[in-house]
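Asker: Take a look at the following structure, please.
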Amino acid sequence: MPYCCVPRCKSSSKQRTPGISFYEIPSNPELRAKWRKVYRRLAYARGALPVDDASLSYLTS
Numbered sequence: 001m002p003y004c005c006v007p008r009c010k011s012s013s014k015q016r017t018p019g020i021s022f023y024e025i026p027s028n029p030e031l032r033a034k035w036r037k038v039y040r041r042l043a044y045a046r047g048a049l050p051v052d053d054a055s056l057s058y059l060t061s
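Using full-length UniProt numbering, you'd call the opening residue of the sequence shown number 1 and step up by one each time.
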């Protein structure tokens, strides 16, 4: 079941919200590293601790 990895985001495929899409983070190491940087900025901005890399699977729009 996909869920959003952004701190405090409660989106999951179980609770579909109209207009929300899930985006899988690339498995390619170079692209994944770029997504990881963005994720860490989001986590810091929201005052949350970043999760481990294995949890970085999906983001929502």
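Beta carbons: idealized from backbone N, C-alpha and C, even for Gly. Here the structure is a predicted model, which is why all the values come from computation and not from measurement.
For Phe22, which of Lys34, Ala33, Ser12 and Arg8 has the nearest alpha-carbon?
Answerer: Here the closest residue by C-alpha is Ser12.
Asker: Let me know if Val6 comes out buried or exposed under the rule of 16 or more other beta-carbons within 10 Å of its beta-carbon.
Answerer: With 16 or more Cβ atoms within 10 Å of its Cβ, Val6 is classed as buried.
Asker: Span of the beta strand (DSSP E) holding Tyr3?
Answerer: First-last for Tyr3: undefined, no H or E at that position.
Asker: Can you give the beta carbon distance from Trp35 to Pro26, rounded, assuming they're within the 8 Å contact cut?
Answerer: Contact flag correct, Cβ pair sits at about 7 Å.
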